[in-house]
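To start, the structure under review is shown below, and the notes come after it.
Protein chains in written order, with our numbering: chain A, 2 to 114; chain B, 351 to 510.
Rendered as structure tokens:
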């Protein structure tokens, strides 16, 4: 499933990387510990987190994640957006908490088969 | 694979000597305490390995181990030198830091054990998983440390 479909279904606010929303999402990972995501997320996953600082971009880029969704309307730091645009990583914001957004994305991905 | 690597080296203008089997040999420095630059060395290593034609899954392994080592230097050490050596059959990453050293390596290798302060933890680092990730994602991992001097990591990732 492409990121843009998740953006539409969950009404996400796309804060940067609008040109890369046609990227395929192969799964998801939810977590705020960067080493946890580094060790356990896989390429093509969408990452759900409340971390907003620029180091999340390096993790997403090194792991080749599809994009980052910030929960609870957390606002990305300005240098996070700048770096994410340069690294071609879409950053999106949702008003929902991690549990709900993860559940909804899980349903979308599994019902899409 | 060997030929592909040689071709990649030609493109990078890195000489592949007859006696010297290095496909790449370079050094980087990491500055301790600067979280704004954290990840730059790992990103460079990743891009060099991609240009050398190393398979994607192995490049990602190298990216993970170098990132975790880089974050440890930024979190705890004064500075470090990173040596990247790519030879036929393996990617070798060595991180030699000037820092406080690790008093008990066995303890430090336990998942969840951490000496990180609040500032580091708030950013989502310092969960006590870094060295475990390094061990899990490298084919060979050596660590040694001297109190008051620093820590020396060596990670080897085998390539086809």
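Cβ atoms here follow ideal geometry from the backbone N, Cα and C, with glycine treated the same way.
Beta carbon proximity, residue i to chain B, threshold 7 Å
i: residue 103(A); result: no
i: residue 15(A); result: no
i: residue 63(A); result: yes
i: residue 67(A); result: no
i: residue 59(A); result: yes
i: residue 9(A); result: no
Outcome for residue i when other beta-carbon atoms lying within 10 angstroms are tallied against a minimum of 16
i: residue 46(A); result: buried
i: residue 505(B); result: buried
i: residue 398(B); result: buried
i: residue 107(A); result: exposed
i: residue 32(A); result: buried
i: residue 384(B); result: exposed
i: residue 496(B); result: exposed
i: residue 439(B); result: exposed
Residue i: contacting residues in chain A (beta-carbon distance under 8 Å)
i: residue 404(B); result: Chain A residues near residue 404(B): none, gap ~14 Å exceeds 8 Å.
i: residue 473(B); result: 35, 52, 54 and 56
i: residue 480(B); result: 36
Amino acids of chain A, ordered along the chain, whose beta-carbon sits closer than 9 Å to that of residue i
i: residue 500(B); result: Per Cβ cutoff of 9 Å: no residues; residue 500(B) is ~21 Å from chain A at best.
Cβ of residue i within 7 Å of any chain A Cβ
i: residue 477(B); result: yes
i: residue 451(B); result: no
i: residue 454(B); result: no
Counterpart residues of residue i in DSSP-defined beta bridges
i: residue 429(B); result: 381(B) and 448(B)
i: residue 508(B); result: 440(B)
i: residue 46(A); result: 28(A)
i: residue 502(B); result: 446(B) and 494(B)
Partners in chain B for residue i, counting only beta-carbon separations shorter than 7 Å
i: residue 71(A); result: In chain order: nothing, as chain B lies at least about 13 Å away.
i: residue 25(A); result: By Cβ distance, chain B contributes nothing, its closest Cβ being about 15 Å from residue 25(A), past 7 Å.
i: residue 5(A); result: The contacting residues do not exist; residue 5(A) stays about 24 Å from chain B at best.
Chain B residues whose Cβ lies nearer than 9 Å to that of residue i
i: residue 19(A); result: Neighbours of residue 19(A) on chain B: none; closest Cβ ~23 Å, over 9 Å.
i: residue 12(A); result: What residue 12(A) touches in chain B: nothing, since even the nearest Cβ is about 26 Å away.
Where residue i meets chain B, residues with beta-carbon distance less than 8 Å
i: residue 40(A); result: 414, 479, 482, 483, 486 and 487
Heavy atom of the ligand NAP within 6 Å of residue i beta-carbon
i: residue 15(A); result: No copy of the ligand NAP appears in this structure; indeed no ligand is present at all.
Report task. Residues of the region 374–402 of chain B with a CB closer than 9 Å to any CB of chain A: list them in chain order, please. Result -> Cβ contacts with chain A come from 385, 386, 388, 389, 390, 392, 393 and 396.
Inset, instruction - May I ask you to list, following chain order, the residues of the region 408–440 of chain B that have a beta carbon less than 8 Å from some beta carbon of chain A? - result: 410, 413, 414, 417, 418 and 421
Counting only Cβ-Cβ distances shorter than 8 Å, please list the residues of the region 78–111 of chain A near chain B, keeping chain order. Answer set for the region 78–111 of chain A: 80.
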